[in-house]
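Going by the working numbering, the first residue of the sequence shown is number 13, and it counts up by one from there.
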Amino acid sequence: MIVPGDLRRAVLLIYQKVVQMKKHNFYAGPSILPEFTKEKTAEAVVNFAGTGLSVMEVSHRSKEFVAVMDEVCQLVKELLHVPDGYSVLFLQGGASLQFLMVPYNLMGKKSAYLNTGSWASKAMKEAKYFGEVVEVASSKDANFNYIPKDYSVPSDADYLHITTNNTIFGTELLKEPDAEIPLVADMSSDIFSRPVDISKYNLIYAGAQKNLGPAGATVVIVKNEALGKVDRPIPTMLNYKTHIDHGSMFNTPATLPVFACLQTMRWLKEKGGVEEMEKVNIEKANMLYSELERNKLFVPTVTNPEDRSRMNVTFIMAPDYAELEAEFLGFATSKGMVGIKGHRSVGGFRASLYNALPVESVRALIETMQDFEKNK
Ligand SMILES: *Cc1c(COP(=O)(O)O)cnc(C)c1O
13 MIVPGDLRRA VLLIYQKVVQ MKKHNFYAGP SILPEFTKEK TAEAVVNFAG
63 TGLSVMEVSH RSKEFVAVMD EVCQLVKELL HVPDGYSVLF LQGGASLQFL
113 MVPYNLMGKK SAYLNTGSWA SKAMKEAKYF GEVVEVASSK DANFNYIPKD
163 YSVPSDADYL HITTNNTIFG TELLKEPDAE IPLVADMSSD IFSRPVDISK
213 YNLIYAGAQK NLGPAGATVV IVKNEALGKV DRPIPTMLNY KTHIDHGSMF
263 NTPATLPVFA CLQTMRWLKE KGGVEEMEKV NIEKANMLYS ELERNKLFVP
313 TVTNPEDRSR MNVTFIMAPD YAELEAEFLG FATSKGMVGI KGHRSVGGFR
363 ASLYNALPVE SVRALIETMQ DFEKNK
């Protein structure tokens, strides 16, 4: 017998699957997640691990949730091939709190930063509370549309901080800079999109909401040896050691986001890990950049192909067609494209091609661009 609640759900499902147009989610963050992550999380919101309770209403110290935290940290290590001697943490406060925690814990008197955009600039601002910050190079002179190449790094700095993917400006550092000192990286928007040599880094951090899960969790991978070297006292919550000693449970972790991150890690493993992900990400990015090179209406904002982000593809109307920007946005929206409006500091458009975005969505965007070009 169908009761009204079931009927309503069935109608909603049919509406979503059939009537509502397919949406292609290009948001920069929070952003698209795998269907697997959403489905498993939706199930656990109602009945978590057979407890009959929601994942939102069980103790973080229950054996069921401790198992979630253990597995997610284990999978981060496995998928990124994290060497021994590193700890994986799930913290809160986003990448923005890491801008502060990194220098608090790792910077004695001097640190070095590569300034490749707004996030890098914000990270530098926090480091200045702790001592001398050397800006080794900056691409601010060209609105951050390239990655600086030739610069020297002071050998007496405690680390060189890089932002591997510049979510706003559409550039990516696919190869680590040559530096004699350890690296620290904000990988918020490209973590798990490709393999990384973790051994070059003292610390990596990433807000979950770009390539991992919902907002509210922040992954930190830290080399244990790099800690405990600064003289200053570090408040308890801002000290990485606190969180290492308590397995990311010194205070209540973001249980629901961490659960969702675990589902994404399982999905990623099933897909063949970051190595397979990288292949698909290269394919998706190549498809879209090729179209941007071909289509007379658009130009990519990052001119050097080497510096182009695979995760966030930024583009503007070609000068002769500048007045068509609003019209294209409307046209693309009518075709189911969501979240392609560019960040206000770049303008134009930005298509984010995170791990969970299927190739068919990139194809749909390209067809939309071609359809729009035909009538112009
Ligand atoms: C989104 C983003 C941030 C900010 O993350 P929050 O979690 O909002 O603090 C920092 N750095 C990069 C590279 C980002 O993409």
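Virtual Cβ for every residue (Gly too), placed ideally from N, Cα, C.
Put simply, the backbone Cα of Pro95 is about 15 Å away from that of Pro194. Under the three-state reduction of DSSP, Ser150 is assigned to strand.
In the structure shown, Lys35 adopts coil according to DSSP, grouped into three states. Spanning the alpha carbons of Leu103 and Arg244 requires a straight line of approximately 22 Å. Note that the C-beta distance between Leu118 and Tyr171 is below 8 Å.
Under DSSP, the beta-bridge partners assigned to Asn177 are Glu184. As far as DSSP is concerned, Glu288 takes part in no beta bridge.
Cβ contact annotation for Val371 (same chain, cutoff 8 Å, sequence separation greater than five): Val292, Glu295, Lys296, Met299, in chain order. In the structure shown, Met323 falls within a coil segment according to DSSP collapsed to helix, strand and coil. A straight line joining the alpha-carbon of Val146 with that of Leu186 spans about 22 Å.
Within the segment 308 to 353, the complete beta strand (DSSP E) segments of 3 residues or longer fall at 310 to 312, 324 to 329, listed in chain order. If you check the CB distance, Tyr158 and Asn263 do not come in under 8 Å.
Within the same chain, Cβ atoms closer than 7 Å to the Cβ of Met349 are found at His36, Phe38, Leu377, Thr380, the five residues on either side in sequence being excluded. In the three-state DSSP reduction, Asn155 falls in the coil class, being neither helix nor strand. Per DSSP, Asp198 is not a residue of any alpha helix (DSSP H); the beta strand (DSSP E) it occupies stretches across 195 to 198. With respect to the 8 Å criterion, Glu184 and Ser167 are not classified as neighbours on the basis of their beta carbons. The beta carbon of Ser205 sits no closer than 7 Å to any heavy atom of ligand 1. Around Val325, the same chain offers Gly182, Ala297, Leu300, Tyr301, Leu304, Pro312, Arg362, Ala363, Ser364, Leu365 as residues with beta carbons nearer than 8 Å, after the five sequence neighbours per side are excluded. With a cut-off of 8 Å on Cβ pairs, the segment 52 to 69 is in contact with the segment 267 to 275, counting three or more such pairs. Looking from the CA of Arg375, the closest CA among Gly359, Pro189, Lys347 belongs to Lys347. Checking the 7 Å criterion, the Cβ of Ser200 is within range of a heavy atom belonging to ligand 1.
The three-state reading of DSSP puts Asn127 in strand, counting E and B together. Contact between Asn178 and Gly129 holds: their C-beta atoms lie close to 4 Å from each other, under 8 Å.
Taking all protein chains shown into account, Asp209 has fewer than 16 neighbouring C-beta atoms within 10 Å of its C-beta and is therefore exposed. Inter-residue distance for Val70 and Ser151 is about 48 Å (C-alpha atoms, whole angstroms). Annotated three-state conformation of Phe361 is strand, per DSSP.
Leu215 sits in a strand when the DSSP states are folded into three classes. CA-to-CA, the gap between Gln221 and Gly106 works out to about 9 Å. For Tyr252, the secondary structure class from DSSP, reduced to helix, strand or coil, is helix. Taking 8 Å as the cut-off, the beta carbon of His72 is found no closer than this to the beta carbon of Leu126. Leu92 and Val286 do touch by the CB rule: their CB atoms are close to 7 Å apart, below 8 Å.
The Cβ atoms of Val84 and Met68 do not sit closer than 8 Å to each other.
Cβ-Cβ separation between Ile203 and Val100: approximately 12 Å, too far for a contact (criterion under 8 Å). Ranked by Cα distance from Ala139, the options Leu341, Glu188, Glu318, Leu109 are led by Leu109. Annotation: Tyr366 is outside any alpha helix (DSSP H) and is labelled neither H nor E by DSSP.
Per DSSP, reduced to three states, the secondary structure at Leu103 is strand.
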